[in-house]
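Student:
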Amino acid sequence: MKKDEQEARKAYLRETEGSVASFAPGRIEFLGNHLDYNGGLVLGAAIDAGIYALATPRKGDGFRLFSESFEDAVVETGLDDFSRQDGKTSWANYCLGVLKVMQDEGMAPQTGFSLTFTTDLPVSAGLSSSAALELATALVFSQLAGQELSRKDLVRVCRKAENEFVGLPCGILDQATSAYGRKDHLVSIDCEKEDFTTLPLPPRTMIWVFDSGIKHDLVDSQYATRNQECKEALRLIRELKPSFSCLAQADENVLEKAKMPNRIRKRALHVVREQERVRLFHEGLEKKANPRELGRLLTDSHNSSSELFENSCPELDALAQSLAERDEVLGARLTGGGFGGAVLAWTTTEFKQTDADGIARSYEKRFGHCPQTHCFSPSKGASIEERGQA
Ligand code: GLA
8 MKKDEQEARK AYLRETEGSV ASFAPGRIEF LGNHLDYNGG LVLGAAIDAG IYALATPRKG
68 DGFRLFSESF EDAVVETGLD DFSRQDGKTS WANYCLGVLK VMQDEGMAPQ TGFSLTFTTD
128 LPVSAGLSSS AALELATALV FSQLAGQELS RKDLVRVCRK AENEFVGLPC GILDQATSAY
188 GRKDHLVSID CEKEDFTTLP LPPRTMIWVF DSGIKHDLVD SQYATRNQEC KEALRLIREL
248 KPSFSCLAQA DENVLEKAKM PNRIRKRALH VVREQERVRL FHEGLEKKAN PRELGRLLTD
308 SHNSSSELFE NSCPELDALA QSLAERDEVL GARLTGGGFG GAVLAWTTTE FKQTDADGIA
368 RSYEKRFGHC PQTHCFSPSK GASIEERGQA
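By the count of the numbering used here, the sequence shown reaches residue 397 at its end, each step adding exactly one.
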């Protein structure tokens, strides 16, 4: 190595001393639509794509947030400035929210830092890049602050940041799946008890995601309206069953007896039937049931989203339908909040990229734009990473 290069490397290592790194994966909501904030049982998978964060401490209390995905939207401010960002820098609200919650709990870095994100996760595709951003941020902050953050706390802090700072009344599905992911496994989340386990996915099956390209910005979508409608359903059910603490505890008998407007009844029916589907899927996985029978539960879930919860759209319906018609597809459904975003197809290994391309082409003929297709493997959850050497 030439002398100059050696010196440059040493200077770089000096300059970046104390740097820390983390990775948090995106997630797929496998089954259990809009059940998390209703206290239900949901199944997710962390995927083999996500967000990497690298943070270098700085002197003083200034910090800088830079993301490769939003190169012209750098945020540079101080540790006591929690002004909400809007426009092109609004991506940084997820990090600011995490900083705020960790600061309130005495777990945030005491001095400034420079934080850089890179990603291989498609943004706004229903893969929860937002939760991955929160988790990657929280993991570097805890290291900078010299604090241990348990996985349970990681999930709690990040959800709180999203609920209170970003303003989306989401449940814990996204954060918990990204935190508890495991290779070839689904993450099973009891959202009422906040219990997390993992279950192996049957072998020789695959997960495909078809991103409709219809932008779903949940903060501005009807996500919060659905959350309110579910709260209203619970309020009306509790007139009969005061001991119920969440909507997922209800069943169809109770719903029949409760008085409620038709729109609220439809939302509640989706929730209680979806809960039953997740229960059956869970049980089926444990008993090693035929994946084909289990897959039907996914397709039923989509139909329920479309007809009862009304969080689908013509593009998602068309994708789910043409996928479900294929023999190699075990089940297909919209994944995540809905109102755009992506459709998930659970397939046998017979389903190939050429099949995905064919479906994408017929979608393009009908809607005028081509959906992105991805094949993901269930993967490990968020982790602290080794900082690379210069
Ligand atoms: C979004 C939210 C999750 C969950 C799903 C719907 O992804 O962030 O908390 O509510 O929608 O199941």
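From the three backbone atoms N, C-alpha and C, an ideal C-beta is built for every residue, glycine too. These figures come from a predicted structure and were not determined experimentally.
1) Taking the Cβ atom as the reference point for each residue, do Glu146 and Ile391 lie within a distance shorter than 7 Å?
2) Would you kindly work out how many angstroms separate the C-alpha atoms of Glu14 and Gly345, rounded to a whole number?
3) Do Phe383 and Asp127 have their C-beta atoms closer together than 7 Å?
4) Quick one, which of Glu371, Phe37 and Ala231 has its alpha-carbon nearest Gln379's?
5) Using the rule of at least 16 other Cβ atoms within 10 Å of the residue's Cβ for burial, across every protein chain shown, is Gln150 buried or exposed?
6) Taking the straight line between their C-alpha atoms, what separation do you get for Ala28 and Gln154?
7) Below 8 Å, can you find three or more Cβ-Cβ pairs linking the stretch 66-83 to the stretch 39-55?
8) Taking Ala31 as the reference, which of Lys167, Asp324, His381 and Ala60 has the closest Cα?
9) Check for me: the beta strand (DSSP E) holding Arg71 runs from which residue to which?
10) Look at the alpha carbon of Leu305 and the alpha carbon of Leu247, and state the distance between them as a whole number of angstroms.
11) Tell me whether Asn297 is buried or exposed, calling it buried when 16 or more other Cβ atoms sit within 10 Å of its Cβ.
12) Is there at least one non-hydrogen atom of the ligand GLA closer than 6 Å to the beta-carbon of Pro341?
13) Would you report the Cα separation of Ala186 and Ile271, rounded to the nearest angstrom?
14) Would you check whether the ligand GLA has a heavy atom nearer than 6 Å to the C-beta of Asn40?
15) If you count every other CB in all the chains shown that lies within 10 Å of the CB of Gln182, and 16 or more means buried, which is it?
16) Measure from the alpha carbon of Ser121 to the alpha carbon of each residue in Gln92, Gln110 and Ala62, then state which is nearest.
Tutor: Inspection of the coordinates gives the following:
1) Here residue 146 is Leu; the residue named in the question, Glu, does not match the sequence. Annotated as proximal: Leu146 and Ile391, with beta-carbon spacing under 7 Å.
2) Cα to Cα, Glu14 sits roughly 53 Å from Gly345.
3) Result no, Cβ atoms of Phe383 and Asp127 do not sit closer than 7 Å.
4) Nearest neighbour of Gln379 by Cα position, chosen from Glu371, Phe37 and Ala231, turns out to be Glu371.
5) Buried: at least 16 other Cβ atoms inside 10 Å.
6) When rounded, the distance between both Cα atoms is 14 Å.
7) Not touching, per the Cβ criterion.
8) Of the listed residues, the one whose Cα sits closest to Ala31 is Ala60.
9) Going by DSSP, Arg71 is part of the beta strand (DSSP E) stretching over Gly69 to Ser74.
10) CA-CA distance, Leu305 to Leu247, rounds to 31 Å.
11) Here Asn297 is exposed: its Cβ has fewer than 16 other Cβ atoms, across all protein chains shown, within 10 Å.
12) The residue you asked about is not Pro; residue 341 is Leu in the sequence shown. No, the Cβ of Leu341 stays beyond 6 Å of every heavy atom of the ligand GLA.
13) When the Cα atoms are used, Ala186 and Ile271 turn out to be separated by approximately 33 Å.
14) Shortest gap from the CB of Asn40 to any heavy atom of the ligand GLA: under 6 Å.
15) So Gln182 ends up on the buried side.
16) Distances from the alpha-carbon of Ser121 to those of Gln92, Gln110 and Ala62 put Ala62 closest.
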